[in-house]
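Be aware that the sequence shown starts at 258, since it is given in the working numbering, and climbs by one per residue. The beta carbon of each residue, even a glycine, is placed where N, CA and C say it ideally should be.
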Amino acid sequence: MTNLLTIILMAPSQDQNPWISTIFLVAILVIFYFFMMRPQIKKQKEARTFRDSIAKGDKVLTIGGIHGKVVEVRDHDVLLEVDTNIKLRVEKSALIKDAESLPVQK
258 MTNLLTIILM APSQDQNPWI STIFLVAILV IFYFFMMRPQ IKKQKEARTF RDSIAKGDKV
318 LTIGGIHGKV VEVRDHDVLL EVDTNIKLRV EKSALIKDAE SLPVQK
């Protein structure tokens, strides 16, 4: 492996047009954006929209796997009723899904 690396480094460099390497770099950045960053931004936007649309009475799922019904909504947190007379206050960012849209398992 070291011999191959030495041969490559010792090879005479060819004069290339500097625009070719610039275009190649820009192409890699564009591909990186469309395959890595854009889907992540889309997921974050959908999550933000979901958290902003939470209303009293919605059934939700937390990141910890707790199912509950929204009793109270504040700016940054919600009060969930998990069972009869059992309520938990959780951050809105801890809510991941609308439990009504989840498939029912038998």
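Requested in this report: For T319, name the three-state secondary structure that DSSP assigns.
Outcome: Reduced to three states, the DSSP call for T319 is strand.
Report task. Pull up the distance between the alpha-carbon of K326 and that of M294, whole angstroms please. Result -> Going from the Cα of K326 to the Cα of M294 covers about 33 Å.
Query raised in the report: Hey, how far is the Cα of A241 from the Cα of I320?
Result: Nothing about residue 241 can be read from this structure; the chain reaches only from 258 to 363.
Query raised in the report: If you draw a straight line from the alpha carbon of V287 to that of I280, how long is it in whole angstroms?
Result: Taking the Cα positions, V287 is about 10 Å away from I280.
Query - the ligand PLP heavy atom lying under 7 Å from the CB of G321 - result: As far as ligands go, the structure on display features none, and thus does not contain the ligand PLP.
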